[in-house]
DNA sequence: GAAAATTGGTATGAACCCAGACCATTAACC
DNA sequence: GGTTAATGGTCTGGGTTCATACCAATTTTC
């Protein structure tokens, strides 16, 4: 009767139960703060832009306005946004992207490291997959414009502070072009973690040039409709970034 | 001042804000019910197996025991589990996997259909990616055993009712072998949706034979350490299933 | 300049969720 | 057979979240 506890039926499935059940996300307040802060830091809402009205955001996040307002208050207190009342008012992003080297490579907990390595492994699957999917689909002119514009924006952002946000937006744009909300979710989550990691290490200009070349290869492969080439280019990009991060993390 | 509302800075990013923010998962009770019911239906906890004690499950799901118990009560009322008290007691799975053809292809809402198509697109990326990742990694003897056993189990399950659960466990096993919790989450979510879709359509024996051949190809490629072959085999498998489902869904 | 519309700010009662302690029942153990 | 341990069942007080109003400020519109 003791053996029956571990899921009966063979040893194969003995590992699944522990792996499949994931923590339920409670605490709406914290979840809102995290999502909004991430969106701002990734540049989804750039410096100076106005967030949607509270009522609208609350509906998007499936949260009561009271809870959303608490999250807003936290963002305000953290210096990420500023709020003004009345018609035409709203909440404006005032966060200046931090300079990476400003923060030293803080000591990371084992759990933190595991989370980061997990994100890199997941990224190696999802981002190349997204690039291949977009390359295999028929892109509208509008879609092509968006991709090219996002790429040019990264190219133009030589200043390190803006480079990170442009880079995130570039990757998110590719995800958005798949049209799949699950893909967008996955890439957003991955980019948030990568962003966090990159803040912890100094940024080398050579890396930026290197990344730009790979971005260009990805965009070309997508525009020419070559899925395998797009996947390989993005895999190379992920591998290089991952090698850099893993090396500077130990 | 009106134009500034739509995220300032060019038209490219005008689409991102709406796409990136996702609903916050509140309502712990419903989330628990959904996760447990899914795990049971996918065969993570097979018929006759005992679930972990309430205190343990509550901790795994990051939920109070009171909330977990409410979820358990719902599962009990739905006829999925049975509970007995005292030492050696616990909650046992009593759900018999339903016969697919029993339920007619119910009318689906547009939102439902969109969700389903999204899941298929996501699956086409994540499952082949997971197969390639596993094939590229060095597998322990234990891991090889698990993979082979999971495959043989599907092979042996000719009865339709058990076939679905074996199939889900097979795909989940590959995900688990990547060692990445994000990959496991993604595949679990995708399998849950695919499972839901397959329940809505009759199952043809020819499809099972077809799938088995593809499963074999995936396993062989993984065991031989050929990532590209593993990816292609799994892509073929996903494409065939997706074509079938999309066809019978309109 | 007055009215209307849009936006953030505040208040309240109900429902939900949590942590912890304690009770009841049953199988395992000596 | 008696004791112990494991497990589900119950209770309570306090914090969170929700839905729904209504108030306040400010710009747009006429």
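Residue numbers (the numbering used here), protein chains in the order written: chain X, 1 to 250; chain H, 251 to 500. Every residue gets a Cβ at the ideal spot worked out from N, C-alpha and C, and that includes glycine.
Can you tell me which residues form a DSSP beta bridge with residue 294 (chain H)?
The residue labelled residue 294 (chain H) in the question sits at position 44 within the second chain. Within the DSSP secondary-structure output, residue 294 (chain H) pairs in no beta bridge.
Give me the subset of the region 200-226 of chain X whose CB atoms are less than 9 Å from a CB atom of chain H, sorted by chain position.
The residues in question: there are none.
Hey, quick one: how far does the beta strand (DSSP E) through residue 341 (chain H) stretch, first residue to last?
As a position in the second chain, residue 341 (chain H) is number 91, starting the count at 1. Note, residue 341 (chain H): beta strand (DSSP E), 340-343.
Go through its chain and collect everything with a Cβ distance to residue 498 (chain H)'s Cβ below 6 Å, but skip five positions before and after it.
Indexing the second chain from 1 puts residue 498 (chain H) at position 248. For residue 498 (chain H), where only same-chain residues beyond five positions count, the Cβ hits under 6 Å are 451.
Report the three-state DSSP secondary structure of residue 218 (chain X) (helix, strand or coil).
If you number the first chain from 1, residue 218 (chain X) lands on position 218. If DSSP states are grouped into helix, strand and coil, residue 218 (chain X) belongs with the helices.
What is the DSSP secondary structure of residue 444 (chain H), counted as helix, strand or coil?
Working through the second chain from its first residue, we reach residue 444 (chain H) at position 194. If DSSP states are grouped into helix, strand and coil, residue 444 (chain H) belongs with the helices.
Cutoff 8 Å: residue 376 (chain H) Cβ touching any chain X Cβ:
Start at 1 with the first residue of the second chain, and residue 376 (chain H) comes out as number 126. It does: the Cβ of residue 376 (chain H) has a partner Cβ on chain X nearer than 8 Å.
Separation of residue 218 (chain X) from residue 30 (chain X), as counted between CA atoms:
Start at 1 with the first residue of the first chain, and residue 30 (chain X) comes out as number 30. Start at 1 with the first residue of the first chain, and residue 218 (chain X) comes out as number 218. Each residue's alpha carbon lies about 36 Å from the other.
Does chain X have any CB closer than 8 Å to the CB of residue 312 (chain H)?
If you number the second chain from 1, residue 312 (chain H) lands on position 62. It does: the Cβ of residue 312 (chain H) has a partner Cβ on chain X nearer than 8 Å.
May I ask which residues mark the beginning and end of the beta strand (DSSP E) holding residue 331 (chain H)?
What you label residue 331 (chain H) is simply residue 81 of the second chain in a count that begins at 1. In the DSSP assignment, residue 331 (chain H) falls within the unbroken beta strand (DSSP E) covering 331-334.
Tell me whether residue 312 (chain H) is buried or exposed, calling it buried when 16 or more other Cβ atoms sit within 10 Å of its Cβ.
In the second chain, the residue the question calls residue 312 (chain H) occupies position 62. So residue 312 (chain H) counts as exposed.
Using 8 Å as the cut-off, can you tell me whether the region 188-201 of chain X makes contact with the region 135-142 of chain X, which would need three or more C-beta pairs spanning the two stretches below that distance?
Fewer than three pairs of CB atoms, one per stretch, sit closer than 8 Å, so the region 188-201 of chain X makes no contact with the region 135-142 of chain X.
What's the call for residue 396 (chain H), buried or exposed, on a 16-neighbour Cβ count within 10 Å?
Translated into the one-based positions of the second chain, residue 396 (chain H) becomes position 146. Taking a 10 Å sphere around the C-beta of residue 396 (chain H), we find 16 or more other C-beta atoms and assign the residue as buried.
Determine the DSSP secondary structure at residue 352 (chain H), reduced to helix, strand or coil.
As a position in the second chain, residue 352 (chain H) is number 102, starting the count at 1. Any reading at residue 352 (chain H) needs caution, since the residue's pLDDT is 49, under 50, leaving its predicted position unreliable; the model's value is listed next. Note: residue 352 (chain H) maps to helix in three-state DSSP.
Suppose you measure from the CA of residue 92 (chain X) to the CA of residue 25 (chain X); what does that come to, to the nearest Å?
Position 92 of the first chain, counted from the start, is the residue given in the question as residue 92 (chain X). Position 25 of the first chain, counted from the start, is the residue given in the question as residue 25 (chain X). Distance between the alpha carbons of residue 92 (chain X) and residue 25 (chain X): 28 Å.
Sufficient close CB pairs (3 or more, under 8 Å) joining the region 418-429 of chain H to the region 396-406 of chain H
With the rule of 3 Cβ pairs closer than 8 Å, the region 418-429 of chain H counts as touching the region 396-406 of chain H.
Going by beta-carbon coordinates alone, are residue 377 (chain H) and residue 445 (chain H) separated by less than 8 Å?
Indexing the second chain from 1 puts residue 377 (chain H) at position 127. Indexing the second chain from 1 puts residue 445 (chain H) at position 195. No. Outside cutoff.
Hey, which unbroken runs of the beta strand (DSSP E) at 3 residues or more fall wholly within the region 363-417 of chain H?
Qualifying beta strand (DSSP E) stretches: none in this window.
Is it true that the CB of residue 51 (chain X) sits closer than 8 Å to the CB of residue 253 (chain X)?
Here chain X comprises residues numbered 1 to 250, so residue 253 (chain X) is not present and cannot be evaluated.
Please classify residue 368 (chain H) as buried or exposed, where buried requires at least 16 other C-beta atoms within 10 Å of its C-beta.
The sequence position of residue 368 (chain H) within the second chain is 118, counting from 1. Classification of residue 368 (chain H): buried, given that the 10 Å Cβ count is 16 or more.
Check for me: the alpha helix (DSSP H) holding residue 57 (chain X) runs from which residue to which?
To locate residue 57 (chain X), count along the first chain from 1; it is residue 57. First-last of the alpha helix (DSSP H) with residue 57 (chain X): 54-60.
Leaving aside the five residues before and after residue 244 (chain X) along the sequence, list all residues of the same chain whose C-beta is less than 7 Å from its C-beta, in chain order.
As a working note, residue 244 (chain X) is residue 244 in the first chain. These residues qualify, in order along the chain: 207.
What are the residues in the region 279-292 of chain H lying within 7 Å of chain X by C-beta distance?
Within the region 279-292 of chain H, the qualifying residues are 281, 282, 285 and 289.
Can you give me the start and stop residues for the alpha helix (DSSP H) that residue 318 (chain H) sits inside?
Here residue 318 (chain H) refers to the residue found at position 68 of the second chain. 315-327 is the extent of the alpha helix (DSSP H) around residue 318 (chain H).
Which residues in the same chain as residue 436 (chain H) place their Cβ atom closer than 6 Å to its Cβ, once the five residues preceding and following it in sequence are excluded?
On the second chain, residue 436 (chain H) is found 186 positions in, with the first residue counted as 1. Correct list, in chain order: 376.
Beta-carbon of residue 344 (chain H) versus every beta-carbon of chain X: anything under 8 Å?
Within the second chain, the letter at position 94 stands for residue 344 (chain H). Chain X, which has no Cβ nearer than 8 Å to the Cβ of residue 344 (chain H), makes this no.
How would you write the range of the alpha helix (DSSP H) that residue 491 (chain H) sits in, first residue to last?
Here the question's residue 491 (chain H) lines up with position 241 in the second chain. Membership of residue 491 (chain H) in the alpha helix (DSSP H) is indicated by the continuous run 477-497.
Exposed or buried, residue 167 (chain X), counting other C-beta atoms within 10 Å across all chains shown (16 or more means buried)?
Locating residue 167 (chain X) in the first chain gives position 167, where the first residue counts as 1. By the neighbour-count definition (other C-beta atoms within 10 Å, threshold 16), residue 167 (chain X) is a buried residue.
When DSSP labels each residue in this structure, what does residue 300 (chain H) get in the three-state scheme?
One-based indexing of the second chain puts residue 300 (chain H) at position 50. Residue 300 (chain H) falls in the strand class under three-state DSSP.
Residue 24 (chain X) at chain H interface by Cβ criterion, 8 Å:
Numbered from 1 along the first chain, position 24 holds the residue referred to as residue 24 (chain X). Chain H places a beta carbon closer than 8 Å to that of residue 24 (chain X), counting this residue as a contact.
Terminal residues of the continuous alpha helix (DSSP H) containing residue 268 (chain H)?
As a working mapping, residue 268 (chain H) is identified with position 18 in the second chain. Unbroken alpha helix (DSSP H) run through residue 268 (chain H): 266-270.
With DSSP run on the structure shown, which of helix, strand or coil describes residue 224 (chain X)?
Residue 224 (chain X) sits at position 224 when you count from the first residue of the first chain. In this structure, residue 224 (chain X) counts as coil in the three-state DSSP scheme.
Tell me whether residue 347 (chain H) is buried or exposed, calling it buried when 16 or more other Cβ atoms sit within 10 Å of its Cβ.
For the purposes of this step, residue 347 (chain H) is taken as the residue at position 97 of the second chain. Buried, since its Cβ has 16 or more Cβ neighbours within 10 Å.
Near residue 124 (chain X), which residues of its chain fall below 8 Å by C-beta distance, leaving aside the five closest residues on each side in sequence?
On the first chain, residue 124 (chain X) is found 124 positions in, with the first residue counted as 1. 235, 238, 239 and 242.
Measure the C-alpha to C-alpha separation of residue 461 (chain H) and residue 411 (chain H) and round it to an integer number of angstroms.
Working through the second chain from its first residue, we reach residue 461 (chain H) at position 211. Working through the second chain from its first residue, we reach residue 411 (chain H) at position 161. For the pair residue 461 (chain H) and residue 411 (chain H), the Cα-to-Cα distance works out to about 16 Å.
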